[in-house]
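Under the working numbering, residues 12 to 338 are what the sequence shown spells out, in order.
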Amino acid sequence: MEKRRLGQNGLEVSALGLGCMGLSYGYGPAIERGAAIDLLRSAYEQGVTFFDTAEAYGPFENEDLLGEALAPFREDVVIATKFGFRNGEVAQGMDSHPARIRQVAEEALKRLRTDTIDLFYQHRVDPDVPMEDVAGAVKELIWEGKVRHFGLSEAGAGSIRKAHAVQPVTALQSEYSLWWREPEKEILPLLEELGIGFVPFSPLGKGFLTGAITPETVFGKDDFRSSVPRFAAEAVAANQALVEALKALAVEMDATPAQIALAWLMARKPWITPIPGTTKPARLTENLGAATQHLSSGALARIEAALQHIDVVGERYPAHLRERTGR
Ligand SMILES: NC(=O)c1ccc[n+]([C@@H]2O[C@H](COP(=O)([O-])OP(=O)(O)OC[C@H]3O[C@@H](n4cnc5c(N)ncnc54)[C@H](OP(=O)(O)O)[C@@H]3O)[C@@H](O)[C@H]2O)c1
């Protein structure tokens, strides 16, 4: 698979990465460990060298899973993980105190069965810890060789600048897709200015953009989408217009809606590397097919024209999680 470079310090990754969260957490029960290991190894065999996890996924389980699955080819892959929640639990709120960052790194290294974390993101900005202290803590870990690159997730422009002044930021990971284009306003120009790479999460709109979700879809209590306004039945019904437009474009472009959604992101900038997630081997292969779908400027203009009058209904996060973003 084609490679892309994130940031200014030589981090090279496959043009599409694999988001591993859903294997353990977020969208219902974890999948069986053997099947998850097979999926991760199959991704590598199909050219993926960029794997995304976090302490909070499980918590802890997902890192441990990646540690086992990727051990045979550890030297050939980039593993990104994240710190920043108290005790690793999203529900407990943020904790990016320097001592805690160090503890998360030490524990992640063991679970990941490695001696260095390739990319260590702060999962959410912690309003109680100055960004300079967070960046300083990661800088020390980099000096010690325990971490190679620093990243942020859903950080606002001011935080990105502050962090970058202390320790160059290699990548920002935030939501970005055909149904969440907010980063285009302020964040993408800033990243371009500072030479920071961008890793869009939920590039398939948490599954919505693939066309697999309808107003009849029922999300279990342990599926995060059951709490997201954009996935309430009325919003899903209203947003089918977007899916219908994508399906028509996909037919025209001899691709699937998922592939259009991913190829569109990759066409935005050469320093953008999406990390779609799936638990299913056939969908993995389908999604990775987007890496060879190079959209022409004509195709990009068609997509823009087809979607520009479709307004997306519903917030992307419930209020208490929305307020953690963009700080
Ligand atoms: N930094 C952050 O705060 C943050 C937040 C969220 C996610 N992330 C990272 O980003 C990664 C990806 O985001 P995401 O998992 O939220 O969303 P996503 O990649 O947009 O979508 C994943 C969902 O789409 C479904 N799906 C995938 N491919 C499909 C296909 N070809 N056809 C139909 N359905 C398909 C998956 O279901 P199946 O499993 O059933 O295929 C899953 O429910 C995560 O794994 C995680 O690593 C980071």
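By construction, the Cβ of each residue, glycine as well, lies at the ideal position given by its N, Cα and C atoms.
**Study point:** Spatial distance of Y38 from W191 (CA atoms)
**Key:** 19 Å
**Study point:** Which residues DSSP lists as bridging P211, in chain order
**Key:** S185
Check your understanding: Taking just the CA atoms, how far does Q319 sit from A148?
Key -> 43 Å
Point to revise | Of the listed residues I48, A174, F131, H134, nearest to D144 (C-alpha basis) | key: A174
Practice item. Take L311 and list the residues in its own chain whose beta-carbon comes closer than 8 Å to its own, dropping the five residues that flank it on each side. Key: W275, A278
Check your understanding: Any idea if T92 is buried or exposed, counting beta-carbon neighbours within 10 angstroms, 16 or more meaning buried?
Key -> buried
**Study point:** Extent of the continuous alpha helix (DSSP H) to which I314 belongs
**Key:** 308–318
Exercise for review: Report the three-state DSSP secondary structure of R44 (helix, strand or coil).
Suggested key: helix
Practice item. Determine the DSSP secondary structure at M277, reduced to helix, strand or coil. Key: helix
Review point. Distance, Cα to Cα, P240 vs E155?
Key: 43 Å
Exercise for review: Please find out if some non-hydrogen atom of ligand 1 comes closer than 7 Å to the beta-carbon of A269.
Suggested key: yes
Point to revise | Residue closest to G30, alpha-carbon to alpha-carbon, out of R335, A166, A102, Y55 | key: Y55
Review point. For ligand 1, any of its heavy atoms closer than 7 Å to the Cβ of E297?
Key: yes
**Study point:** Per-residue DSSP class, three states only, for H134
**Key:** coil
Point to revise | Beta-ladder partner(s) of A91, from DSSP | key: D63, L130
Review point. Three-state secondary structure (DSSP) at L22?
Key: strand
Check your understanding: So, is R333 buried or exposed, given that buried needs 16 or more other C-beta atoms within 10 angstroms?
Key -> exposed
Check your understanding: What are the start and end residues of the alpha helix (DSSP H) that includes G147?
Key -> 142–154
Review point. Are the CB atoms of A166 and L130 nearer to each other than 8 Å?
Key: no
Check your understanding: Given that a residue counts as buried once 16 or more other Cβ atoms are within 10 Å of its Cβ, and exposed if not, what is Q270?
Key -> buried
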